[in-house]
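One structure below.
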Amino acid sequence: MTTKAEFFDRIRAEMGRTRDLAPVAPSVRPARPRERLDVLRRELSERWRENLQRFQHEFERVGGVFHRVADVGEAPEAIARIASERGLRRIVAWHAGALGVDVVAPLTAKGLEAVAAPDAEVAGDERERRRALAAAADLGVTGADLAVAETGSLVVVSGAGRPRSASLLPACHVAIFDREVLVESLVQAGLVLEAWHDGAAPPGRGASINVITGPSRTADIELTLTRGVHGPREVHAVFVEQGLASRRV
Amino acid sequence: MSEPEPATPFRERAGQALRDTFLQEALTIATTKFIGLRREAFAEFPEGEALRDRAREIKEATLQRLDHYLDLLIDNVERHGGHVHYATTSEEARRIVLDIARRTGARTAVKSKSMATEEIHLNDALEAAGVTPIETDLGEYIIQLAHERPSHIIAPAIHKTKGQVAELFARELKRETVPDPEVLTRIAREELREKFLQADLGISGANFGVADTGTIVLVTNEGNGRMVTSLPRVHVAVMGVEKVIPSMTDLAVFLAILAKSATGQKLSVYTSLVNGPRRGGELEGPEEFHLVLLDNGRIRQIAGPLREALSCLRCGACLNVCPVYRQIGGHAYGYTYPGPIGILLTAMLNGTESVKDLAHASSLCGACLEACPVRIDIPRMLIELRKDVNERRIAPWSERVVFGALGRLLQHPALYRVAARLGRLLQRPFVRGEVIRRVPLVFGDWTRTRDLPPVAARTFQERWAELERPGRR
């Protein structure tokens, strides 16, 4: 088996044989990404209406369904409406702390089977049980840690109370978000990613970040666009005008 | 040599593809559609051109300090609890994955689409070791059921009709169905969902490895990349060493151009950033994460003639615009990577010998260079390869003799003049009308597919000399 030392010796030997390379540099990483991000967020807070409009436009272009509610109390109703219109009953959701709202109680009150994820480590067999629940669920409710206007993308960071499966296994995904997480462009999303990775990961942060741009799709059979091949067939974004009290990443 | 040589010669494989009328139609529809989507995507993205230059610079800058960035990536992957392995050859890469499978008692492996694992022919090795590999990208799943190989980097099953897929599902999955892509996709979803939930091992490639953070980035449209990296208890990512990039800021640049070049989307549906195994508090995620760094001929090219090809993002844009690919499709190339970039990658992995014919499977029109998101000068390297094929005496002797003689003629004006006069005499029996359609002996290869203009009654040189004569001005 090749060792790391042998592998690197060969790489360095080949690098030593290169001639006349024009000097080029990678992108300049922001020195203090968190501070830069704070500044950016303040700037963006003045343009959130334009950004939300652009997000909605792009999100709908990729096949997403956009909803808007005045305050957090209306969010469960919006979810219930989506569920009842499609005859969906079993719902898995992020933990209320990560979501910024408790959806389980109001959804249960409407006769739906809703379960929220635990926000701390659980044993292996409990994880198995939870996974089976998610696999059997019709609808998954998550927050969004970032919404990118340029591409109509929702970004979810996994972690305690934020299971990956909620936005993946059910055929219908509903993400709740507010103006705080809106950015304009992929370049700005790059800055957010730098900030999230700056320093040690906070407790409860998971190992997976997903940028979701519309419902799961394929065109592998005769280039016919088909939705929901592995991931959700439908993606909904519920914008909460008054903001959410969620635990930010 | 890592890949087996195709059983039939290139000319035969290409001929077969040209006679396949369905393939011809499918190729035209698919490549034309991809070209249009890509053009539209960049048309409404004026900053795209500058970002393409930027992306290329980032690739080049990374290559110039490859040891540094790889080392950083490795440190960060290990810091997150991942394991890193080093594979010099495809054989070694297979052994590493098999060892992991054996040690963890894996019986089934779900795979997300990965050219790197195609390149090392991992599936055959897994099967031989008693581990069932399941391709989960719909296109890859179809061709795995059909026991075929991908024919396009991003649309592996474009050569199949929905009718053929329906027959395949009926035969292999025992599920009778109408030939409707919607229904077929639903069947695949059901079949594969079970596999995802049961599989012990998840195997993926990597579109990028971010050194700064130790993150493996996967880009998919179907969501299978997310399944493979989240549901099985072990995740193995096989990544070519050239896929490392410095930072998240760099990643944003690549994401802005990758999907636009591949499918004309602003972004693919899922961009998954994976940072090692499951962390405390998470419900899902693998208990073990392994990164296999793959050389397989790449490292040799850091200072080699194919260095530029190390910047390739595997978007497939050069395939769609290539007049040769558009006619013969991916299978005729005979190796894992088809199309213009595929010829270079095949030479990289398997040596110049393997592309002695393929090096000529290009009109050198430059469409690939134009389409490449990172502006890889594919035509220049194809010419270099042809030169190498000739110099190393791999080309057929007739070709070497003819081109050698032509080279000498073109370098010596006196010799050229004599040859022109001689040619005028010798060509007489072969000129039909204004062209030569067939010439004898070893020269016959040239006129097999093209006509040859005869030497003119008076050559340009002769007329020029006349004009230059004093008194004519």
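Protein sequence lines, in the order shown, are assigned to chains A and B. Note that the first sequence ends on residue 249 in the numbering used here; no numbers are left out. Note that the second sequence ends on residue 1473 in the numbering used here; no numbers are left out. No residue lacks a Cβ here, since even glycine has one placed at the ideal position from N, Cα and C.
Got a sec, what are the start and stop residues for the alpha helix (DSSP H) residue i sits in?
{"i": "E1172/B", "result": "K1162 to L1173"}
{"i": "A114/A", "result": "Unbroken run through A114/A is the beta strand (DSSP E), E113 to A116; no alpha helix (DSSP H)."}
{"i": "M1248/B", "result": "M1248 to A1262"}
{"i": "L1184/B", "result": "P1181 to Q1198"}
{"i": "V187/A", "result": "L186 to W196"}
{"i": "T151/A", "result": "Careful: T151/A lies outside any alpha helix (DSSP H) and carries neither H nor E."}
{"i": "A83/A", "result": "A75 to R86"}
{"i": "L44/A", "result": "P33 to S45"}
Let me make sure I understand the geometry here. Which of the options has the alpha-carbon closest to that of residue i?
{"i": "E1284/B", "options": "A120/A, A219/A and A245/A", "result": "A120/A"}
{"i": "H1152/B", "options": "P1338/B, D1075/B, L1018/B and G1240/B", "result": "P1338/B"}
{"i": "G152/A", "options": "V141/A, A137/A and G214/A", "result": "G214/A"}
{"i": "K227/A", "options": "V1183/B, M1227/B and D1200/B", "result": "Going by the sequence as given, residue 227/A is Arg instead of Lys. Comparing Cα-Cα distances from R227/A to each of V1183/B, M1227/B and D1200/B, the minimum goes to V1183/B."}
{"i": "N1221/B", "options": "F59/A, G231/A and R68/A", "result": "G231/A"}
{"i": "R34/A", "options": "A96/A, G206/A and E194/A", "result": "E194/A"}
{"i": "C1315/B", "options": "K1356/B, A1332/B and I1257/B", "result": "I1257/B"}
{"i": "S167/A", "options": "S27/A, H236/A and D38/A", "result": "H236/A"}
{"i": "Y1372/B", "options": "I1142/B, A1055/B, A1017/B and R1019/B", "result": "Correcting the residue type first, residue 1372/B is Cys in the shown sequence and not Tyr. Taking only the C-alpha atoms, the option nearest C1372/B is A1055/B."}
{"i": "S1354/B", "options": "A1405/B, I1376/B, A1395/B and I1378/B", "result": "A1395/B"}
{"i": "V1374/B", "options": "L1197/B, C1318/B, S1204/B and A1188/B", "result": "C1318/B"}
{"i": "W1397/B", "options": "L1126/B, E1287/B and F1443/B", "result": "F1443/B"}
{"i": "K4/A", "options": "E1003/B, V1084/B, L1197/B and T1447/B", "result": "V1084/B"}
{"i": "I176/A", "options": "R68/A, G111/A and L225/A", "result": "R68/A"}
{"i": "R959/B", "options": "L1422/B, T1161/B and P1305/B", "result": "Because chain B here runs from 1001 to 1473, residue 959/B falls outside it and cannot be looked at."}
{"i": "T2/A", "options": "Y1086/B, S1230/B, I1096/B and L1037/B", "result": "Y1086/B"}
{"i": "K1162/B", "options": "T108/A, A147/A and L225/A", "result": "L225/A"}
{"i": "V240/A", "options": "I11/A, V39/A, A219/A and A75/A", "result": "A75/A"}
{"i": "A1026/B", "options": "S1247/B, G1330/B and A1419/B", "result": "G1330/B"}
{"i": "E77/A", "options": "L133/A, V238/A, R61/A and G16/A", "result": "V238/A"}
{"i": "E234/A", "options": "G64/A, L40/A, A31/A and H57/A", "result": "G64/A"}
Could you check where the beta strand (DSSP E) with residue i kicks off and where it finishes?
{"i": "T1108/B", "result": "T1108 to K1111"}
{"i": "I212/A", "result": "R205 to I212"}
{"i": "E1353/B", "result": "No beta strand (DSSP E) holds E1353/B; DSSP gives it neither H nor E."}
{"i": "C172/A", "result": "C172 to F177"}
{"i": "A96/A", "result": "Unbroken run through A96/A is the alpha helix (DSSP H), A96 to L99; no beta strand (DSSP E)."}
{"i": "T1104/B", "result": "T1104/B -> no beta strand (DSSP E), and no H or E assigned at all."}
{"i": "S167/A", "result": "From DSSP, S167/A is part of no beta strand (DSSP E); its letter is neither H nor E."}
{"i": "H1290/B", "result": "E1288 to L1294"}
{"i": "A1083/B", "result": "The residue you asked about is not Ala; residue 1083/B is His in the sequence shown. H1083 to A1087 is the span of the beta strand (DSSP E), which, as asked, contains H1083/B."}
{"i": "H1235/B", "result": "V1234 to G1240"}
How would you list, in chain order, the residues of chain A whose beta-carbon sits under 8 Å from the beta-carbon of residue i?
{"i": "K953/B", "result": "There is simply no residue 953/B to check, as chain B begins at 1001 and stops at 1473 in what is shown."}
{"i": "H1080/B", "result": "A207"}
{"i": "K1162/B", "result": "I221, E222 and T224"}
{"i": "Y1086/B", "result": "M1, T2, T3, K4, E6 and F7"}
{"i": "D1067/B", "result": "F8, I11, R12 and M15"}
Chain A partners of residue i, CB-CB under 7 Å?
{"i": "E1060/B", "result": "V24"}
{"i": "E1462/B", "result": "Per Cβ cutoff of 7 Å: no residues; E1462/B is ~44 Å from chain A at best."}
{"i": "M1248/B", "result": "G190, L193, E194 and H197"}
{"i": "E1284/B", "result": "R131, P163, R164 and S165"}
Would you grab the beta carbon distance between residue i and residue j for me? Rounded to a whole angstrom, and I think it's under 8 Å.
{"i": "T1352/B", "j": "Y1335/B", "result": "Not quite, the Cβ-Cβ distance comes to about 13 Å (not below 8 Å), so this is no contact."}
{"i": "L1349/B", "j": "G1297/B", "result": "5 Å"}
{"i": "I1120/B", "j": "R1149/B", "result": "Incorrect: roughly 13 Å between the Cβ atoms, too far for contact."}
{"i": "L1291/B", "j": "V1077/B", "result": "5 Å"}
{"i": "E14/A", "j": "I1302/B", "result": "4 Å"}
{"i": "A1157/B", "j": "L223/A", "result": "Wrong, their Cβ atoms sit about 10 Å apart, outside the cutoff."}
{"i": "V1234/B", "j": "E1288/B", "result": "5 Å"}
{"i": "G140/A", "j": "S246/A", "result": "G140/A to S246/A, Cβ: 16 Å. No contact."}
Along chain B, in chain order, which residues have C-beta atoms closer than 8 Å to that of residue i?
{"i": "L168/A", "result": "G1223, R1226, M1227 and S1230"}
{"i": "E210/A", "result": "Reading off the sequence, residue 210/A comes out as Asn, not Glu. Ordered by position in chain B, the residues that pass the 8 Å Cβ test against N210/A are R1226, Y1270, T1271, S1272 and L1273."}
List, in chain order, every chain A residue whose beta-carbon is nearer than 9 Å to that of residue i.
{"i": "Q1064/B", "result": "M15, T18, L21, P23 and V24"}
Taking C-beta pairs closer than 7 Å, name the residues in chain B that residue i reaches, listed in chain order.
{"i": "R10/A", "result": "I1299"}
{"i": "S153/A", "result": "L1267"}
The ligand MN and residue i: does the residue's C-beta get closer than 8 Å to at least one heavy atom of that ligand?
{"i": "G152/A", "result": "No copy of the ligand MN appears in this structure; indeed no ligand is present at all."}
Worksheet item: For the region 1332-1350 of chain B against the region 1290-1310 of chain B, are there 3 or more C-beta pairs whose distance is under 8 Å?
Response: In this structure the region 1332-1350 of chain B touches the region 1290-1310 of chain B; the number of beta carbon pairs closer than 8 Å is three or more.
Discussion item. Would you call the region 1240-1248 of chain B in contact with the region 1094-1106 of chain B, where contact means no fewer than 3 C-beta pairs closer than 8 Å?
Written reply: no
Practice prompt. Would you check if the region 187-204 of chain A and the region 143-160 of chain A touch, i.e. whether three or more CB-CB distances between them fall below 8 Å?
Written response: yes
Practice prompt. Report yes or no: do the region 154-161 of chain A and the region 115-134 of chain A share at least 3 C-beta pairs separated by less than 8 Å?
Written response: yes
Worksheet item: When the Cβ atoms of the region 1372-1389 of chain B are set against those of the region 1326-1335 of chain B, are three or more pairs found closer than 8 Å?
Response: no
Discussion item. Would you call the region 1254-1270 of chain B in contact with the region 1008-1016 of chain B, where contact means no fewer than 3 C-beta pairs closer than 8 Å?
Written reply: no
Worksheet item: With a cut-off of 8 Å, do at least 3 Cβ pairs link the region 205-221 of chain A to the region 126-136 of chain A?
Response: no
Worksheet item: Does the region 1202-1221 of chain B come close enough to the region 1160-1173 of chain B to have 3 or more Cβ pairs within less than 8 Å?
Response: no
Worksheet item: Okay, do the region 48-58 of chain A and the region 100-118 of chain A touch, 3+ Cβ pairs below 8 Å being the bar?
Response: By the Cβ criterion, the region 48-58 of chain A is not in contact with the region 100-118 of chain A, since fewer than three pairs of Cβ atoms, one from each stretch, lie closer than 8 Å.
Practice prompt. Tell me, please, whether the region 1265-1283 of chain B touches the region 1212-1228 of chain B by the rule of three or more beta-carbon pairs shorter than 8 Å.
Written response: yes
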